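Colleague:
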Amino acid sequence: MIFDFRLKVFYTVAQRLSFTKAAAELFITQPAVTKHIKELEHQLNVQLFMRNGNSIVLTTAGKILTQYAEKIFQTYTELETELAQLNNMEAGTLHIGASTTVAQTILPKLLALFKKTYPAVHFTFTQANTDVITQQVLAEKIDIAIVEGAAHYPQIAYAPFAKDEIVLVTKANNQLSKKAEITPKQLLNIPLVLREAGSGTLDVIFNALAHIGINPKDLQIEIQLESSIAIKQYLLYSETATFLSIQSVVSELKYNELTIIDIKGLDIFRTFQFIQLQGKNTKLIELFKRFCLTNYNLK
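Once you know that position 152 of the sequence shown is 152 in the UniProt record's numbering, the rest is easy, because the numbers rise by one and skip nothing.
1) Is it buried or exposed for K63, if we count other Cβ within 10 angstroms and need 16 for buried?
2) Starting from Y153 and walking both ways along the alpha helix (DSSP H), at which residues does that stretch end?
3) Please list, in chain order, all residues of the same chain as V9 whose beta carbon is under 7 Å from its beta carbon, the five residues on each side excluded.
4) Output needed for L298: all residues of its chain with C-beta closer than 6 Å, excluding positions within five of it in sequence on either side, in chain order.
5) Taking the Cβ atom as the reference point for each residue, do Q276 and I285 lie within a distance shorter than 9 Å?
6) Is it buried or exposed, A112, if we count other Cβ atoms within 10 angstroms and call 16 or more buried?
7) Which residues in the same chain have their Cβ closer than 7 Å to the Cβ of N295, if we skip the five residues on either side of it in sequence?
8) How many Å lie between A208 and P216 at the Cα?
9) Over the uninterrupted beta strand (DSSP E) stretch that includes F125, give me the two end residues.
10) Skipping 5 residues on each side, what residues in its chain have a beta carbon closer than 8 Å to that of F269?
11) Give the single residue among D143, A151, L266 and I156 whose Cα lies nearest to the Cα of F123.
12) Going by DSSP in three states, E239 sits in which element: helix, strand or coil?
13) Just reading off the beta strand (DSSP E) that Q276 is part of, what are its end residues?
14) What does a CB cutoff of less than 6 Å around D262 pick up in its chain, not counting 5 residues either side in sequence?
15) Entirely within the segment 198-252 and at least 3 residues each: give me those beta strand (DSSP E) ranges in chain order.
16) Terminal residues of the continuous alpha helix (DSSP H) containing residue 314?
17) Between which two residues does the beta strand (DSSP E) carrying I146 extend?
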């Protein structure tokens, strides 16, 4: 990486708000960190940090420099990637993101295979709900992501990745599991565990329910949790039901831990989508998209 090391030192201190932690992360001494910061402050003629008791905080100038440092490092990363591709090398750095369901059920295998196939490609990975991932794509902190959900932004390019089905499940061998099929009205009497606000899965569920005349406000929502893993654990110790991707409950269905309850007249399908900024379509992004489509066999 061809950047000024002092800027890297500053950015690390700014992220950790600790000279000691920055020194450990950068494998240099704490006095060396202090020296680099003082030299940078002298060069820029501003104070970057202030003491606040036993801790440090960024000054206004420090906050501004942090924002520009992020942009500078992103530009260097893109430069390295473009230069590598000029030499027909599958190399560079890719910032990948995924919404929670995709991150927990589909991408771990694909990322491992991708790294094995292209060892010279370095990548970072961010998992969050669809809203958060989308905002990070818009902020250019993520190059390519796979999300669920129906929201669309004009600044973002969308492309289909794979189809998925969402099903209503409950713990096997409880009173609810004895109902092979229920009516939409019966759903209103069932305590539910759902994903948190901002979840793409939740948006898809609410839209599907609205189409069969169910207002989400009328549901008995017992609790909302931030991942399908947490929801499944909650199910196993309660008399509740939930809507989850069929991909996330394959193992539990196989071992008879969870069971599916059909809702008459309701089928919930969605498409996982690639998202990236409009016009930002590097060879490395295309390489990752092609790899995912080739190696994921759910059609």
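Note that the Cβ used here is the ideal one computed from N, Cα and C, for glycine as well. Predicted model only: the values in this text are computed from it and were never measured.
Modeller: Looking at the atomic coordinates:
1) The residue is exposed, with fewer than 16 neighbouring Cβ atoms inside 10 Å.
2) Looking at the DSSP string, Y153 is not in any alpha helix (DSSP H), and its letter there is neither H nor E.
3) Result list for V9: A22, L26, V33, H36 and I37, in chain order.
4) Because L298 carries a pLDDT of 42, less than 50, the predicted location of this residue cannot be relied on, and the following value inherits that uncertainty. A distance below 6 Å between beta-carbons, with the five flanking residues on each side excluded, links L298 to the following residues of its chain, in chain order: A162.
5) Q276 places its beta carbon less than 9 Å from that of I285.
6) A112 counts as exposed, since fewer than 16 other C-beta atoms from the protein chains shown sit within 10 angstroms of its C-beta.
7) Excluding sequence neighbours, N295 sits near L110 and L113.
8) About 10 Å.
9) Segment V121 to A128, the beta strand (DSSP E) holding F125.
10) Once the five neighbours on either side are set aside, the close Cβ partners of F269 are K163, D164, E165 and I166.
11) D143 is the residue among D143, A151, L266 and I156 whose C-alpha sits nearest the C-alpha of F123.
12) If DSSP states are grouped into helix, strand and coil, E239 belongs with coil.
13) Note, Q276: beta strand (DSSP E), I268 to L277.
14) E181.
15) The segment 198-252 contains these whole beta strand (DSSP E) runs: 220-225 and 241-245.
16) Any question about residue 314 goes unanswered here, given that the chain covers just 1 to 299.
17) Looking at the DSSP string, the run of the beta strand (DSSP E) that includes I146 is I144 to V147.
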